[in-house]
Amino acid sequence: MIEDIDYYYPNPKPKCSEGYDIEEIEAPDTVYIVVSKVLMYGVFVLTTIGTVQTYFGNNLVITIGDLIGLMLFILLTYCHYKVIHTSPGIVQNYIPVASQQELNEAIERVKKGNRSGCKTCDICYRVRWCSKCKKFRPPRSYHCKKCGYCIEKRDHHCPWVSNCIGKNNMKFFVQFIFYASLALLLASVINGFSIFHAVIHYDLLHGSFNWSIITLIVPSAVGMAIGLALFAGMLVLLINYLIAIMHNETSMESIEIARLLKVNKGKRDLVFENIPSYNRGVFNNIKETMGPTVFDWFIPSQRRSNELEL
0 MIEDIDYYYP
10 NPKPKCSEGY
20 DIEEIEAPDT
30 VYIVVSKVLM
40 YGVFVLTTIG
50 TVQTYFGNNL
60 VITIGDLIGL
70 MLFILLTYCH
80 YKVIHTSPGI
90 VQNYIPVASQ
100 QELNEAIERV
110 KKGNRSGCKT
120 CDICYRVRWC
130 SKCKKFRPPR
140 SYHCKKCGYC
150 IEKRDHHCPW
160 VSNCIGKNNM
170 KFFVQFIFYA
180 SLALLLASVI
190 NGFSIFHAVI
200 HYDLLHGSFN
210 WSIITLIVPS
220 AVGMAIGLAL
230 FAGMLVLLIN
240 YLIAIMHNET
250 SMESIEIARL
260 LKVNKGKRDL
270 VFENIPSYNR
280 GVFNNIKETM
290 GPTVFDWFIP
300 SQRRSNELEL
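Letter by letter, the sequence shown follows residues 0 to 309 in numbering that gives the first Met the number 0.
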């Protein structure tokens with residue numbers, strides 16, 4: 000036991016009459032996937048309707064923008080597919096190198112927390128036990144209730160892709176957010192340019208204003224509005240994950256550290272003295288998640304291991 004640190008966090012989640020956690024009763028992942036694809040493809044379709052039918056091949060700026068947008072759309076679609084279909088890194092047959100006493104203490108530590116209805120924040124310990132899988136789990140691994148497994152370097156379960164984000168697919172997840180942000184920004188700019196061009200130049204091309212211009216403006220206006228809203232959300236998400244990658248800290252680790260600090264008020268320095276740090280410098284941290292070369296960072300190829308990784 001690490002002296003003077005309380006590692007049991009009260010579980011405040013309310014239960015329903017059947018005994019399930021309220022937070023677990025939510026829409027199935029399929030609903031989120033359908034919504035995400037409707038939004039993703041919707042902006043692309045609206046942009047196509049609003050620009051390609053009139054300007055593609057006739058306006059150099061919009062034509063180039065549409066071609067770049069198509070390339071980005073292909074990249075983000077492929078990354079989205081890889082996030083969904085790449086195993087995040089299921090823990091299998093892990094046996095820690097430790098004494099029998101350490102193994103027994105790890106099991107008892109979790110059992111004690113379960114008996115008291117608390118979460119066991121054991122990030123400070125080298126040997127950790129999962130009471131759900133009935134197995135030991137390596138450092139940085141956490142159990143996912145939805146997937147039913149412990150996931151290596153687990154960040155979170157993403158309902159939008161119906162998969163956990165972990166060691167093996169974090170790279171594709173970040174690339175998806177990156178390319179989606181670029182595509183949404185570009186789509187918004189193209190749609191805005193199309194609206195401006197239609198309003199300013201329609202009378203010059205056709206002699207007078209005609210209500211048929213509405214068929215050009217409405218798809219672009221709707222596409223731009225949705226695109227800007229999604230871009231704002233994606234940009235915030237991208238910034239947060241870039242910061243996390245540069246510090247080499249997952250969302251689960253951030254949550255567990257916050258819980259430890261909450262139950263150990265006034266012991267901040269002591270808590271951080273016992274929490275393992277995986278920060279090896281910005282560039283090495285990026286390499287660990289995205290791959291050893293800059294080419295790997297941007298190309299959605301299979302993640303390559305890094306010698307600095309534990």
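Note that CB positions come from ideal geometry on N, CA and C, so glycine has one too. What you are looking at is a predicted structure, and each value in this text was computed from that prediction instead of being measured.
Beta-carbon to beta-carbon, Phe230 and Ser180 are separated by about 6 angstroms, close enough to satisfy the 8 angstroms threshold.
If you look at Thr119, you'll find it in the beta strand (DSSP E) that goes 117 to 119.
7 angstroms or more divides the Cβ of Asp121 from the Cβ of Thr249.
Residue pairing by DSSP places Arg127 opposite Arg136 in a beta bridge.
Judged by their CB atoms, Arg136 and Thr119 are not nearer to each other than the 7 angstroms cut-off.
Residues of the same chain with a CB within less than 7 angstroms of the CB of Ile164, apart from the 5 flanking positions on each side, are Pro87, Asp154, His155, Cys157, Phe172 in chain order. Two segments are said to touch when three or more pairs of C-beta atoms, one from each, lie closer than 8 angstroms; by this definition the region 90 to 107 touches the region 123 to 133.
The alpha-carbon of Leu259 is positioned some 10 angstroms away from that of Phe271. If only uninterrupted beta strand (DSSP E) runs of at least 3 residues are considered, none is enclosed by the region 164 to 240. By the neighbour-count criterion, in which 16 or more other beta carbons inside 10 Å mark a residue as buried, Leu74 falls on the buried side. Just measuring C-alpha positions, the residue of Ile67, Pro9, Tyr31 sitting nearest Leu184 is Ile67.
Short of 7 angstroms from the beta carbon of Asn113, and not among the five residues preceding or following it, lie these beta carbons of its own chain, in chain order: Ser130. In this structure, the CA atom of Tyr141 is about 44 angstroms from the CA atom of Ser219. Secondary structure at Cys157: strand, using DSSP grouped into helix, strand and coil.
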